[in-house]
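Here the structure comes first, spelled out in structure tokens, and everything after it is commentary.
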Amino acid sequence: MSASTIPACEPADHPPRRRRQWPLSLRLFMLILLALPCVGVVAIVWRARPLTQIQVDQRACFEGLAGDVPAFLDIRLNDMLVSADWSVADGGTLDLIGGLKTTPELTLTRPYAFLDSNDEPGDGQIWKSREARLVLAGDPLARQVTGRWSDGAGVEVPVTLTRIARGQILRRTAGLIFQGRGRAVEYVAHYPILEGTDPLGAATQHALEQRVRQDAQENAGLPWNDLDDCWMTFREPSALNNWSCTDTWDVQYRDRRLVSLLCSSYQDTGGAHGNFRFDVLTVWWNGQTVEQDQLADFFQPDTPWRDALIALCCEDLQRQEASAATAVQKIPEMLEQFTIRPDGLHVHFPPYAVGCYAEGPYEVCLPFSRLSPYLCDTGPATALPAPPDRLASDHPPGKSSRGASQTDLSP
């Protein structure tokens, strides 16, 4: 039979098969089960995202006069205590404390006794306490503060201070919360808001806030580009692996031409102990532009100023009994951690720099009168609290303030 004559097959006489359908409620339930992991991942990422908060700090910095001498005050108000750093030109910096302000006046005194500088410790030597006292009238955080200062040696002078900065706190957190221990990573920065609208203050504030936000991003961000760091951020927090970093920026000096800031940073990343470091920011207004200055900008390049500073630092560190006082000779870059204060140039050494960790940080004050042979007659050195032309009188008649040798810096 040919292909053309083959009869076609007829379809079977029964209805077509219908596809079985799930109930609507069951389909919705299955959809929810499939979506739960995605929702969980989104929720984890959302809860672990960095959060930034800014709040006002009960802190302020002042500059002014104690009698006719330049003075500086950094005051902090807590719930139960008022503490302050009080600095008078050529008089060093004193730590003062006071109780809650319950009267129209706030009295701050020394928290501990100390030996007179003329006393030599020996057998039976007793500790003497000077009644050094700073009394402030009215609101201690107001723009203008008045009071009186007594050095404990019978000298009492009036105090007039103007607020140059007020405190602010930036808090940035990231990671998951676990059993009330807080988030896995926390960064806190206490930094000043400089008063005034002058170019120097505005430029310094901009540079400071840039550095604070950069540190916040580095210490409490989400490092997606590094899988290990990302896991450390999202890992289950515990008492040992909550990371924290606290930066405290202090105004060391502020006038219309020069600003000096010091950052004390403490980091705890779950090791045997936290790590401590310093950072500095020195800004100078030259009359036209604002510059961030380094230590070398204050000294004459053709003089052995660095050797002189190293010698003075080693001398003072040995007096403080630092176990590695001469380390600055091998690492002169340590000198770059410097700040300006009314009483001199201060060099800051973190733990491990010139001694073991248990010794803590060290600070060396270099009076301007001992640095004057090497200071520049131009540049940021002219904006120091005691510029070179005012320091010439510190040298004996007939001796140039620029021609003194390194041995002239010794006591």
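In this note's numbering, the protein residues as written are 162 to 572. Where a beta carbon is used, it is the ideal one built from N, C-alpha and C, also for glycine.
- Just to confirm, are V349 and T430 a CB contact at a threshold of 8 Å? No, the pair does not count as a contact, with Cβ atoms beyond the cut-off.
- If you check the beta carbons only, do V451 and L422 fall under 8 Å apart? no
- Item | Selection from I501, L369, V525, D504 that minimises the alpha carbon distance to F510 | V525
- Task: Run the CB neighbour count on R333, radius 10 Å, all protein chains shown included, and call it buried at 16 or more, exposed below.
- Result: buried
- Task: Count the other C-beta atoms from every protein chain shown that fall within 10 angstroms of the C-beta of G260, then say buried if there are 16 or more, exposed otherwise.
- Result: exposed
- Message: In whole angstroms, give me the CA-to-CA distance for L257 and N436.
- Response: Rounded to the nearest angstrom, the two C-alpha atoms are 26 Å apart.
- Query: For G559, which of helix, strand or coil comes out of DSSP?
  - Reply: Residue confidence is low: G559 scores 30 on pLDDT, short of 50, so the model does not pin down where it sits. Its coordinate-derived value is still stated next. Reduced to three states, the DSSP call for G559 is coil.
- Pairwise C-alpha distance: L545 and T539: 11 Å
- Query: In three-state terms, what does DSSP make of S530?
  - Reply: helix
- Task: Kindly indicate the opening and closing residues of the alpha helix (DSSP H) around T365.
- Result: Per DSSP, T365 is one residue of the alpha helix (DSSP H) stretching across 360-380.
- Query: In terms of alpha-carbon separation, which member of A488, S484, P493 lies closest to A519?
  - Reply: S484
- Item | CA-to-CA distance, L355 to Q366, given in whole angstroms | 7 Å
- Reducing DSSP to helix, strand and coil, say where I325 ends up. Three-state result, I325: strand.
- For Y523 and L242, the rounded distance between their alpha carbons: 26 Å
- Task: Please report how far the alpha carbon of C475 lies from the alpha carbon of A363, in whole angstroms.
- Result: 37 Å
- Task: Taking S530 as the reference, give the member of A542, V515, G505 with the closest Cα.
- Result: Considering only alpha carbons, the answer is G505.
- Could you name the residues of the same chain whose beta carbon sits closer than 7 Å to that of C517, not counting the 5 residues immediately before and after it, in chain order? Scanning its chain for C-beta atoms nearer than 7 Å, with the 5 sequence neighbours on each side dropped, one finds around C517 the residues S484, in chain order.
- Query: Between L302 and the rest of its own chain, which residues show a CB-CB distance below 6 Å, the 5 nearest in sequence each way excluded?
  - Reply: A221
- Item | Boundaries of the beta strand (DSSP E) in which W466 is found, first to last residue | Element bounds for W466: not the beta strand (DSSP E) but the alpha helix (DSSP H), 466-480.
- Item | Nearest to V373 (by Cα), restricted to the options L234, I330, R415, L361 | I330
- Candidates Q216, T213, P265, L269, of which the one nearest D235 by Cα: The residue with the shortest Cα to Cα distance from D235 is L269.
- Message: Short of 8 Å in beta carbon distance, which residues of its chain neighbour V217, apart from the five on each side in sequence? Order them along the chain.
- Response: R327, G328, Q329, I330
- Query: Taking G313 as the reference, which of L295, T323, A377 has the closest Cα?
  - Reply: L295
- Task: Under 8 Å by Cβ, that's how I've got E224 and R415 pegged, so tell me the actual separation to the nearest angstrom.
- Result: At roughly 6 Å, the Cβ-Cβ gap stays under 8 Å, so E224 and R415 are in contact.
- Query: Alpha carbon to alpha carbon, how far is Y352 from D411?
  - Reply: The alpha-carbon of Y352 is positioned some 7 Å away from that of D411.
- Kindly list the residues whose CB is nearer than 6 Å to the CB of T254, restricted to its own chain and excluding five residues on each side of it in sequence; keep chain order. D246, S248
- Query: Is DSSP giving L456 helix, strand or coil here?
  - Reply: helix
- Item | Boundaries (first-last residue) of the beta strand (DSSP E) holding V508 | Start and end: 505-510.
- Task: State the start and end residues of the unbroken alpha helix (DSSP H) segment that holds Q490.
- Result: 488-491
- CB Q413 to CB R480, shorter than 8 Å? no
- W183, buried or exposed, once every other Cβ within 10 Å from all chains shown has been counted against 16: Burial is judged here by how many other beta carbons sit within 10 angstroms of a residue's own beta carbon; W183 has fewer than 16 and is exposed.
- Message: Quick check: the Cα distance between Q461 and R309, rounded to an integer number of angstroms?
- Response: 40 Å
- Message: Rounded to the nearest angstrom, what separates K289 and R271 at their Cα positions?
- Response: Residue placement at K289 cannot be trusted, given a pLDDT of 43 that sits under 50; what the coordinates show is reported in the next sentence. About 12 Å.
- Taking 7 Å as the cut-off, is the CB of A221 close to at least one heavy atom of the ligand FAD? Among the components modelled here there is no ligand, and therefore nothing to report on the ligand FAD.
- Task: May I ask you to report which of helix, strand or coil DSSP gives G540?
- Result: Taken through DSSP and simplified to helix, strand or coil, G540 comes out as helix.
- Task: Reducing DSSP to helix, strand and coil, say where S186 ends up.
- Result: Looking at S186 - three-state DSSP - the assignment turns out to be helix.
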